[in-house]
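J.: I'd like to ask you about the structure that follows.
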Amino acid sequence: MHNLTITELINGLKKRVFSSTEITQHFLSRIKTLDPLYNSLISVTEAQALKSAQTADTQLAQGNASELCGIPLVHKDIFCTQGVRTSCGSKMLDNFVPPYNATVVENFRNSGAVMLGKTNMDEFAMGSSNETSFYGAVKNPWAIDSVPGGSSGGSAAAIAARLTPGATATDTGGSIRQPAALCGITGLKPTYGRVSRWGMIAFASSLDQGGPMARTAEDCALLLNCMASYDEKDSTCIDRPVPNYSASLGDSVKGLRIGIPKEYFSEGLNPGTEKAVRDSLTEYEKLGAELVEISLPNTALSVPAYYVIAPAEASANLSRFDGVRYGHRCENPKDLEDLYRRTRAEGFGDEVQRRILIGTYCLSAGYYDAYYGKAQQVRELIRQDFNQAFEKVDLIMGPTCPSPAFKFGAKGNDPVAMYLEDIYTISTNLAGLPGMSLPCGLVDNKPVGLQIIGNYFDEARMLNAAHQFQQATDWHQLAPAGIQL
Amino acid sequence: MSIEKKTIENLATLARLSIDDERAEEISKRLGSVLELVDQLQAADTSGLSDMHHPLKETQRLREDCVTETSQKEAFQAIAPDVENGLYLVPKVID
Numbered sequence: 124m125h126n127l128t129i130t131e132l133i134n135g136l137k138k139r140v141f142s143s144t145e146i147t148q149h150f151l152s153r154i155k156t157l158d159p160l161y162n163s164l165i166s167v168t169e170a171q172a173l174k175s176a177q178t179a180d181t182q183l184a185q186g187n188a189s190e191l192c193g194i195p196l197v198h199k200d201i202f203c204t205q206g207v208r209t210s211c212g213s214k215m216l217d218n219f220v221p222p223y224n225a226t227v228v229e230n231f232r233n234s235g236a237v238m239l240g241k242t243n244m245d246e247f248a249m250g251s252s253n254e255t256s257f258y259g260a261v262k263n264p265w266a267i268d269s270v271p272g273g274s275s276g277g278s279a280a281a282i283a284a285r286l287t288p289g290a291t292a293t294d295t296g297g298s299i300r301q302p303a304a305l306c307g308i309t310g311l312k313p314t315y316g317r318v319s320r321w322g323m324i325a326f327a328s329s330l331d332q333g334g335p336m337a338r339t340a341e342d343c344a345l346l347l348n349c350m351a352s353y354d355e356k357d358s359t360c361i362d363r364p365v366p367n368y369s370a371s372l373g374d375s376v377k378g379l380r381i382g383i384p385k386e387y388f389s390e391g392l393n394p395g396t397e398k399a400v401r402d403s404l405t406e407y408e409k410l411g412a413e414l415v416e417i418s419l420p421n422t423a424l425s426v427p428a429y430y431v432i433a434p435a436e437a438s439a440n441l442s443r444f445d446g447v448r449y450g451h452r453c454e455n456p457k458d459l460e461d462l463y464r465r466t467r468a469e470g471f472g473d474e475v476q477r478r479i480l481i482g483t484y485c486l487s488a489g490y491y492d493a494y495y496g497k498a499q500q501v502r503e504l505i506r507q508d509f510n511q512a513f514e515k516v517d518l519i520m521g522p523t524c525p526s527p528a529f530k531f532g533a534k535g536n537d538p539v540a541m542y543l544e545d546i547y548t549i550s551t552n553l554a555g556l557p558g559m560s561l562p563c564g565l566v567d568n569k570p571v572g573l574q575i576i577g578n579y580f581d582e583a584r585m586l587n588a589a590h591q592f593q594q595a596t597d598w599h600q601l602a603p604a605g606i607q608l
Numbered sequence: 006m007s008i009e010k011k012t013i014e015n016l017a018t019l020a021r022l023s024i025d026d027e028r029a030e031e032i033s034k035r036l037g038s039v040l041e042l043v044d045q046l047q048a049a050d051t052s053g054l055s056d057m058h059h060p061l062k063e064t065q066r067l068r069e070d071c072v073t074e075t076s077q078k079e080a081f082q083a084i085a086p087d088v089e090n091g092l093y094l095v096p097k098v099i100d
């Protein structure tokens, strides 16, 4: 049952092969047995899940249920869930119980989906390895001495271990795509403004975007149908109709022009990863697509630009955590200054504090133009690179990560080494474009991801291309050993 | 590249983070290596370019200036560390 996709579970529910209560109990039981090893979940909402499943079963019996009714899912612990702790992977919010639901959570609730729990993540979404969480690292089900990727490591690992068929996640510099690649699953970051950020704890407001994770593109399409919506409460949300992302999955990719950026295949790319990705591109040629070499000349500037913009915006967003209205508060503050400084020093982990300080530096008087201003101009250069490329091609493809999952602590003492993990994903966030990752091979039994980048609001075409690949290959069906399949 | 202790102290004050001397040393080194990374930006030719505030050149939506929200004070204050009579309590500010 746990090896069924969301699509297959929906069919099973319709045909009454099983009930939502049965599926929910099954996943809850797997979580109890297996998650102590992977640590992919921070909170499990057993009672609430079973209650939702019961309600879903009633609606399914009445025959007027929405598509995702009764389907169990997990939410990354960055989405506010009413009455359920939302920690953002941090001690600062360990005691935070939101009084409202994020729009994404509300959308799924309205669809009748069942929430199993909240997934582990890098603290405040800052990280590429899920090593910075207050609740401990998440283990990659493919290799438990290795990272699952981050910051949505919990969501990715939970799906890979078949503890849930799908999850929500967020991506600011690659945090959906990179863990999807390292855990051998499919994940999509929509166009900036496609999915409401209301109730999604903010890291970098001009880069953050919520998106789906599942084992297939077909499933991601179903989840995106629910996640994407115009929301008045998020003023950066774009008012544009949401297409049915499932409708065009079956289209042929004959004649599709795929751009291959030469900068994504240079030094630093693991040879095994490169081979897996190039083999996948050959697969697309067999399906009738045309490969076109393109250049994104400012790719190298994307990492420095990101590591100015993201920390700068984070330093502003995280200033709200002050021990006054919610969250952690230090004991016996001497005065207001002490309240703020000690609460924040105690509540935030090392990487978060570092990024706040970098961000503060880049925005401070005398430095704003040289750092933040300059980075925003470089962002314009990067956007222009993509605009020019999309005049010649329909989609851009390449590796998601430079190499498969690395061991815990491997990038420990060098923050810049960790930051370079994001080299292929960051530009997409800077430009606001949609991007996704799907499994395309194994290197030393560790998954490799193929990244697809689309033009603005072209998620349907990306999902179609990914689905056609998944019809012709079976990388997305592979499962790690040891998960009691 | 290394950052002066005084700069770290100033940043810590701006960010309202308390940092002890031991950590300040480590942070100074790490910040230094990140700033070396971001200095690469200076080599980029961005003459004539404006800041990219939004990828699709969207501007802030406006709405009618009328009341749409209801007070949810109780729900919001139920999770506060210290409240009294509907006010959030903090250490004394004015002597």
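Heads up: the protein sequence lines correspond to chains G and S, in order.
Using this note's numbering, the letters of the first sequence correspond one by one to residues 124 to 608.
Using this note's numbering, the letters of the second sequence correspond one by one to residues 6 to 100.
Backbone N, C-alpha and C define an ideal beta-carbon position, used for all residues, glycine too.
Could you name each continuous alpha helix (DSSP H) segment of 4 residues or more that falls completely within the region 16-43 of chain S, going from the start of the chain to the end?
T.: With a minimum length of 4 residues, the continuous alpha helix (DSSP H) runs that stay inside the region 16-43 of chain S are 26-43.
J.: So G/Tyr353 contacts chain S; which residues on that side make the cut at Cβ distance below 8 Å?
T.: Those do not exist, as G/Tyr353 stays about 11 Å from chain S at its closest Cβ, beyond 8 Å.
J.: Quick check on this structure: which residue in G/Gly316, G/Pro195, G/Glu386 and G/Pro434 has the alpha carbon closest to the alpha carbon of G/Thr144?
T.: Closest option to G/Thr144, Cα to Cα, is G/Pro195.
J.: Is it buried or exposed for G/Lys534, if we count other Cβ within 10 angstroms and need 16 for buried?
T.: Buried is the call here.
J.: Taking 6 Å as the limit between beta carbons, can you name the residues of its chain near G/Lys241, skipping five residues before and five after?
T.: Only Ile165, Ser166, His198 and Asp200 meet the Cβ criterion.
J.: Of all the alpha helix (DSSP H) runs that stay within the bounds of the region 518-547 of chain G, which reach a length of 4 or more residues?
T.: If we require 4 residues or more, the alpha helix (DSSP H) runs fully inside the region 518-547 of chain G come out as 538-542.
J.: I need the straight-line Cα distance from G/Ser416 to G/Ile383, nearest angstrom please.
T.: The question names Ser, but residue 416 of chain G is Glu in the sequence shown. So the alpha carbons of these two residues sit roughly 5 Å apart.
J.: Using a Cβ-Cβ cut-off of 8 Å, state whether S/Asp26 counts as contacting chain G.
T.: S/Asp26 does not count as touching chain G.
J.: DSSP three-state call for G/Ile649: helix, strand or coil?
T.: Residue 649 of chain G is absent from the model: chain G starts at 124 and stops at 608.
J.: Taking only beta carbons into account, state which residues of the region 455-475 of chain G come closer than 8 Å to chain S, listed in chain order.
T.: Correct list: Pro456, Lys457, Asp458, Leu459, Glu460, Asp461, Leu462, Tyr463, Arg464, Arg465, Arg467, Ala468 and Phe471.
J.: Between which two residues does the beta strand (DSSP E) containing G/Gly489 stretch?
T.: Taken as a continuous stretch (DSSP letters only), G/Gly489 belongs to no beta strand (DSSP E), as it is neither H nor E.
J.: Do G/Ile381 and G/Leu414 have their beta-carbon atoms positioned less than 8 Å apart in this structure?
T.: Result yes, Cβ atoms of G/Leu414 and G/Ile381 sit closer than 8 Å.
J.: Just how far apart, CA to CA, sit G/Asp537 and S/Val39?
T.: Approximately 9 Å, taken between the alpha carbons.
J.: Would you check if there are 3 or more beta carbon pairs closer than 8 Å linking the region 505-524 of chain G to the region 548-556 of chain G?
T.: Yes, since at least three Cβ pairs between the region 505-524 of chain G and the region 548-556 of chain G fall closer than 8 Å, the two stretches touch.
J.: So, does the CB of S/Ala29 fall closer than 8 Å to a CB anywhere in chain G?
T.: So no, S/Ala29 is outside the interface.
J.: Using a threshold of 8 Å, state whether the C-beta atoms of G/Ala281 and G/Thr287 are closer than that.
T.: Yes, they are a contact pair.
J.: List the residues of chain S whose Cβ lies closer than 8 Å to the Cβ of G/Thr483, in chain order.
T.: Neighbours of G/Thr483 on chain S, chain order: Leu16, Leu19 and Ala20.
J.: Determine the DSSP secondary structure at G/Cys360, reduced to helix, strand or coil.
T.: Of the three classes helix, strand and coil, the one that applies to G/Cys360 here is coil, per DSSP.
J.: Taking Cβ to Cβ, would you say S/Leu42 is nearer than 8 Å to G/Leu480?
T.: Cβ atoms of S/Leu42 and G/Leu480: not closer than 8 Å.
J.: Would you report the Cα separation of G/Cys563 and G/Thr405, rounded to the nearest angstrom?
T.: Near 12 Å, if we compare the C-alpha coordinates of G/Thr405 and G/Cys563.
J.: Could you tell me which residues DSSP puts in a beta bridge with G/Gly558?
T.: G/Lys312 and G/Ile576.
J.: What is the DSSP secondary structure of G/Met336, reduced to helix, strand or coil?
T.: It is a strand residue.
J.: Report yes if the CB atom of G/Ala292 is closer than 8 Å to the CB atom of G/Ser275, and no otherwise.
T.: Yes.
J.: Please name the residue, chosen from G/Gln301, G/Leu601 and G/Ser256, that lies closest to G/Thr339 on a Cα-to-Cα basis.
T.: For G/Thr339, the nearest C-alpha among the options comes from G/Leu601.
J.: My guess is that G/Gly450 and G/Phe219 are in contact by the Cβ rule of under 8 Å, so how many angstroms apart are they, rounded?
T.: With 8 Å as the limit, G/Gly450 and G/Phe219 qualify as a contact, their Cβ atoms being about 5 Å apart.
J.: What does DSSP give as the partner residues of G/Phe202 in its beta bridges?
T.: Answer by DSSP bridge pairing, in chain order: G/Met323.
J.: Could you tell me if G/Gln591 is buried or exposed, where buried requires 16 or more neighbouring beta carbons within 10 angstroms of its beta carbon?
T.: With 16 or more Cβ atoms within 10 Å of its Cβ, G/Gln591 is classed as buried.
J.: Cutting at 8 Å between CB atoms, please list the residues of its own chain near G/Phe531, excluding the five before and the five after it.
T.: So the list reads Ser252, Glu254, Ala260, Asp268, Ser269 and Val270, once near-sequence residues are dropped.
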